[in-house]
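Quick notes on the structure that follows.
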Amino acid sequence: MGAFGRFWLADAISMFGTYITTVAVQVIAVVVLSASATEVGVLNAARWLPYLLFGLVAGVIVDRCRRRPMMIGTDLGRAALLGLVPVLAAFDRLSMPALVAVVFGVGALSLFGDAAFQSFLPRIVERDRLAWANVRIEQTSSVAQTSGPLLGSALIKFLGAPLAVLADAVSYAVSGILVATLRVEEEVPERVERHLLTELREGLRWVYRHRMLAPLSITSHLRFLFTAMASTAFVPYAVTAVGATGLGFAYAAAGVGTVLGGAVSLRVHRKLGLARTIVLGRLLVAAGFVLVLSGDWAVFAGQFVLGLGLGVEGPHDVTYRQQVTPDRLQGRCNATIRSFNWGMITIGAPIGGVIGDLVSLPTAIIVGGTGMTVAALALLTSAFRDADLPSHPL
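Each step along the sequence shown adds one to the number in the UniProt record's numbering, with nothing skipped, and position 72 is 72.
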């Protein structure tokens, strides 16, 4: 198995565990710990708060270090943290503050691990095949998104939600071991005597002064803000409508949609161009959230449409920034965009929870869906409408 094959397999294994935990942690909060919509919002925010607090610094650190050791260390660290959940539950010490703390720690390690992951890919795949590689990774993630929640629901039913989280801990441990077997030339970055803030500003300037990257990044930040609002309200809404097991099937329906969206993603890009493909994907995500409000069956149909949109858009914005960004700025570019994207969740998730508690859960979902729609259409009025990718293989 080549370098990309092992890299791909490591990511796929950890992805399966992640989607099991996606269901398990939500069930622990809502069913086991009787969390309100606001508390679910705080829990969701904790996962992404490190991106807002440390994201820019993480980019500088990733560009200063070798990326493979960082991926190994963050995988093993996440395995250890997630392993605490069943231990705390066994001793009757699991609480919302403890769960939030574990989720925050996993988020902090994911910040560095994910930035290293996206920055490492151009080292093992030629640039003209990055779109192909990102689509393959996205499709594998989609398969995990489809079957992971179903497996998670089964584990929750037979073992309980805390023990189901243990599967994710094991998946990160296996991923770290696989990455350790990679034999890829990676020289230590040249030491540059420059102040941290100087390098940080260089990354910010690259992203937000770039004619194409700036509108793509800003509209992405807005999309994450409004998606967080809708997603937070969706969890208690879906648990009430279709039950905890149904929530797992709803996430699985999203995974099926993402697989299908990813399968046609490159063809849609060839038909519509880069900007319209990304906008189409984002509009489908917004429509999927609103559709869930049409009835019990619509929870599954709406998640399918949402997943379809994620699959269509998924690989293209990542590929574009990987292709236009020089290697020395890859870490800062990826971490800057991801830190503000995921950082928006720390704002949007609590807002969605508060709207859900004080007004109604459907209102929070509608507000989120409307905001996503406006942000998506704004991209077509920007300079990014003329952006495109080099031709790539199907």
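Note that beta-carbon positions come from the ideal geometry of N, C-alpha and C, so glycine has one too. The structure presented is a predicted model; accordingly, all values stated were derived computationally and were not measured.
Rank the options by C-alpha distance to the C-alpha of residue i and give the top, closest one.
i: V285; options: A252, R276, T227 and G107; result: T227
i: V318; options: S171, R270 and S220; result: S220
i: V135; options: C333, T336, R205 and L266; result: L266
i: residue 415; options: L280, G281, Q303 and R282; result: Any question about residue 415 goes unanswered here, given that the chain covers just 1 to 394.
i: T232; options: S14, A10, W8 and E39; result: E39
i: G248; options: L272, V102, G148 and G77; result: G148
i: N334; options: G262, S36, Y208 and G273; result: Y208
i: S36; options: A349, A376 and S382; result: A349
i: G261; options: Y251, L280 and G243; result: L280
i: V42; options: P97, G55 and I72; result: P97
i: I355; options: A230, L52 and E138; result: A230
i: R183; options: R67, A253 and L130; result: R67
i: G17; options: L150, R270 and Q323; result: L150
i: R123; options: G371, D357 and Q322; result: Q322
i: L166; options: L88, A180 and S141; result: L88
i: H316; options: V264, L361, T363 and G353; result: V264
For the ligand ADP, is there a heavy atom less than 7 Å away from the beta-carbon of residue i?
i: L358; result: Ligands displayed in this structure: none; no statement on the ligand ADP is therefore possible.
Buried or exposed: residue i, going by 16 or more other Cβ atoms within 10 Å of its Cβ?
i: V259; result: buried
i: V359; result: exposed
i: D327; result: exposed
i: L109; result: buried
i: L197; result: exposed
i: E313; result: buried
i: R223; result: buried
i: A90; result: exposed
i: S217; result: buried
i: I351; result: buried
i: D92; result: exposed
i: D386; result: exposed
i: W297; result: exposed
i: D11; result: buried
i: R211; result: exposed
i: Y172; result: buried
i: P69; result: exposed
i: R205; result: exposed
i: G243; result: exposed
i: A252; result: buried
With distances taken between CB atoms, is the gap from residue i to residue j smaller than 8 Å?
i: A161; j: V32; result: yes
i: F7; j: L49; result: no
i: G203; j: L111; result: no
i: G331; j: G59; result: yes
i: residue 412; j: L283; result: There is no way to answer for residue 412, as the model of the chain reaches only from 1 to 394.
i: Q125; j: F4; result: Contrary to the premise, residue 125 reads as Val rather than Gln in this sequence. Yes, they are a contact pair.
i: L200; j: P86; result: no
i: G107; j: Y19; result: no
i: D388; j: L274; result: yes
i: V256; j: G176; result: no
i: M15; j: A101; result: no
i: S339; j: L56; result: yes
i: V268; j: G288; result: no
i: G113; j: D168; result: no
i: F54; j: P215; result: no
The stretch 115 to 122 / the stretch 344 to 352 touching (three or more Cβ pairs under 8 Å)
no
Does the stretch 151 to 166 come close enough to the stretch 16 to 35 to have 3 or more Cβ pairs within less than 8 Å?
yes
Contact between the stretch 360 to 377 and the stretch 77 to 85 is defined here as three or more beta-carbon pairs at a separation below 8 Å; is this criterion met?
Because the criterion of three Cβ pairs below 8 Å is not met, the stretch 360 to 377 and the stretch 77 to 85 do not touch.
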